[in-house]
Amino acid sequence: GGRSRIHTTFADGVEMVEEYTADSRPQILVRRWKAPTTLGGDGKWEFEVGEPTPIFLCRESTEVWEWRVRNLPYPKDTYLITIDESSQELIIRTTNKKYFKRFRIPAMARANLPLDRSALSHSHSNNTLVIQVSFASIVMRRGLVALVILDTISMHADGVKKAALEALSSRVLDGRGLRIGICTTEWNKEIIDALRDGAIRTLTAAGVATDDIIVFKAPGAYELPFTASRLILSENVDAVICVGCLIKGETMHFEYICEAVTQGIMKLNLDTGVPVMFGVLAVLNEKQARARAGLEEGGHNHGVEWAQTAIEMAQLRARTAKKSAAKCPYHVIPACPFVWTTALAVLGYGLHLVVCRKHN
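Add 4 to the 1-based position in the sequence shown for our numbering, that's all there is to it.
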């Protein structure tokens, strides 16, 4: 149950809010837009998917658009669903003239795809009229699968993403002489082990010696920043990969941990001078996590990219260190500004006491 919400603000001030079901196959429940007025004030929300009231609802999946019209108690044969060819609108009417509605499918209009009567179906039960339009069949029938990218959940998008991941994974890197740390969590062991092993295989394939891959374990994702800091302090590594998996539950725990871990890992990058990779999956369900660990058909192991990025960042660190002194971790006492400030203050106070005694 539940739903996820995405709020996007574009450069021209236009806002878009989308809400999806929080399950293994997310469906869009609401998409609404708001543009600023000509005087710069707040405009009104306009609903593209869903409605401000629960009477007329629209949902999108990877195959169909679905509309549900509630509180319609008439028999199924009462409803007539037609297409207005001139305006490309769907029309709902009843033979008893008790209900009438016409509406467009914005995504179809933007893609310049005409509606097809054969892709339209409807049913009625529990006083709810359900109308479905199969956009997959419309696109397939016109041979536009590889060309038309709808602004909904696109069939083509998965292929584009897969091609991009394959391109990233095929990079040839030289990791010889590097020393890489990996911090893993104990939760979701099967997923973590797959991600860790994918990273290790990539590192060794790039020439990183097995003895130069150091693995530390943390109980959970929240402990990853501290574990990584101790690894940096004790093992003299060139880069660290933090590997974890957070799966959203029914409480706010997921959001709090995600925020804390993200900030902690970012702070390590800035404070220690050692690049730390954010390899923490933050997913809505276990299936999404398994796919990103390469454990599902068609999935991809993201441990590969994390390892490649670790090599690239370690090399960047080495190149920039030749031009300026490398930033030492604050955990090393001589590099800590607080230690130096305190030492100078104590020294100054000691000199003050010596001078006072001489005068006395």
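All residues carry an ideal CB built from backbone N, CA and C; glycine is no exception.
- Residues of the same chain with a CB within less than 8 Å of the CB of Arg234, apart from the 5 flanking positions on each side, are Phe220 in chain order.
- Under DSSP, Arg72 shares a beta bridge with Leu61, Val134.
- Residue range 19 to 25 is occupied by the beta strand (DSSP E) that includes Glu22.
- Judged by beta-carbon spacing, Asn100 lies within the 8 Å limit of Tyr78, meaning their Cβ atoms are closer than that value.
- A residue is called buried when at least 16 other Cβ atoms come within 10 angstroms of its Cβ; Ala318 meets this threshold and is buried.
- Proximity to Ser138 across Asn131, Arg205, Ala123 peaks at Ala123, based on C-alpha coordinates.
- For Glu263, no beta strand (DSSP E) encloses it; the enclosing alpha helix (DSSP H) starts and ends at 257 to 276.
- By the criterion of a C-beta distance shorter than 7 Å, Tyr226 is surrounded in its chain by Ile261, Ala264, Val265, once the five residues flanking it on both sides are discounted.
- Here Arg9 is exposed: its Cβ has fewer than 16 other Cβ atoms, across all protein chains shown, within 10 Å.
- Using a Cβ distance threshold of 8 Å, Asp120 and Arg106 do not count as a contacting pair.
- Take Trp37, set aside five residues on each side of it, and the residues of its chain with a beta-carbon closer than 6 Å to its own are Met20, Glu50, in chain order.
- By the criterion of a C-beta distance shorter than 8 Å, Glu52 is surrounded in its chain by Arg35, Arg36, Trp37, Pro110, once the five residues flanking it on both sides are discounted.
- Put simply, of Arg72, Leu61, Arg108, His128 the residue whose alpha carbon is nearest the alpha carbon of Asp81 is His128.
- Between Ile315 and Leu228, the C-beta gap is not smaller than 8 Å, which leaves the two residues out of contact.
- The secondary-structure analysis by DSSP pairs Tyr83 across a beta bridge with Thr98.
- If you look at Ile217, you'll find it in the beta strand (DSSP E) that goes 217 to 222.
- Per DSSP, Ser233 is one residue of the alpha helix (DSSP H) stretching across 228 to 239.
- Leaving aside the five residues that flank Asn289 on each side, the residues in its chain whose CB is nearer than 6 Å to its CB run, in chain order, Ser28.
- Taking C-beta atoms under 8 Å as the contact rule, His126 and Leu133 qualify, at a distance of about 7 Å.
- By the neighbour-count criterion, in which 16 or more other beta carbons inside 10 Å mark a residue as buried, Asp216 falls on the buried side.
- Restricting attention to Lys291, Phe258, Met270, Thr276, the CA atom closest to the CA of Gly283 is found in Met270.
- For Gln136, the closest alpha carbon among the candidates Leu355, Trp71, Val278 is that of Trp71.
- For Lys291, the enclosing alpha helix (DSSP H) has its first and last residue at 290 to 296.
- Judged by beta-carbon spacing, Val247 lies beyond the 8 Å limit of Gly298, meaning their Cβ atoms are not closer than that value.
- Assignment of beta-bridge partners to Gly185 by DSSP yields Ile218, Val244.
- Taking the Cα positions, Lys102 is about 11 Å away from Ile96.
- Spanning the alpha carbons of Asp275 and Gly185 requires a straight line of approximately 17 Å.
- Here Leu199 is not near Asn273, since their CB atoms are 8 Å or more apart.
- As the crow flies, the alpha-carbon of Leu61 is around 29 Å from that of Ile251.
- Looking at Val244, Ala322, Gly45, the one whose alpha-carbon comes closest to that of Trp310 is Val244.
- Assignment of Gly307 by DSSP, reduced to helix, strand and coil, places it in the helix class.
- For Leu285, the beta-bridge partners assigned by DSSP are Cys249.
- Residues Arg183, Gly185, Ile218 of the same chain have their beta carbon placed closer than 8 Å to that of Glu239, with the five preceding and five following residues left out of the count.
- Residue pairing by DSSP puts Arg106 in a beta bridge opposite Ile95.
- If you check the CB distance, Thr189 and Ala222 come in under 8 Å.
- With a cutoff of 8 Å on beta-carbon distance, Ala210 and Asp178 are scored as near each other.
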